[in-house]
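For reference, the structure is listed below as structure tokens.
Residue numbers (the numbering used here): 41 to 163.
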């Protein structure tokens, strides 16, 4: 039960972060350059897609890729916003918080799955 809840937490966090990334596009469409608009579109759609491998329990490779991609998004945000002296708004804080939740829950899921696999092999 708790294990399944963790999958739902990971899926909900990446889904919500994806929706928030996509919501940025119409909010700032007239002032964002095309490359930034495409970045938010691709990031948001990728995060929405990531719900599928999480809920279907695809291999750990999918979790590694999802975690790595999310870490890259956080690093890009850290460089583009706080490091540049731009103020942090509530939407950004929510996205980053949700991405951290996804990373942490993904790490726990991978560790748990790896531990279960090792235990089955030792039996």
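C-beta atoms are modelled at their ideal positions from N, C-alpha and C, and glycine is treated no differently.
Asked, Found
"Residue environment, residue 126, which counts as buried when at least 16 other CB atoms sit within 10 Å", "exposed"
"Beta-carbon proximity check, residue 53 vs residue 142, cutoff 8 Å", "yes"
"Cβ contact check for the region 58 to 76 and the region 119 to 136: 3 or more pairs under 8 Å", "yes"
"Selection from 58, 74, 50 that minimises the alpha carbon distance to residue 135", "58"
"Heavy atom of the ligand NAD within 7 Å of residue 45 beta-carbon", "As for the ligand NAD, it is missing from this structure, which has no ligand bound."
"The region 43 to 53 / the region 92 to 112 touching (three or more Cβ pairs under 8 Å)", "yes"
"8 Å Cβ cutoff met for residue 107 and residue 147", "yes"
"Simplified DSSP state of residue 93, which is helix, strand or coil", "helix"
"Inter-residue spacing [alpha-carbon to alpha-carbon] between residue 112 and residue 81", "16 Å"
"Neighbour-count burial assignment, residue 149, 16 or more Cβ in a 10 Å radius", "buried"
"Cutoff 8 Å; reference residue 77; Cβ partners in own chain excluding five residues on either side", "65, 69"
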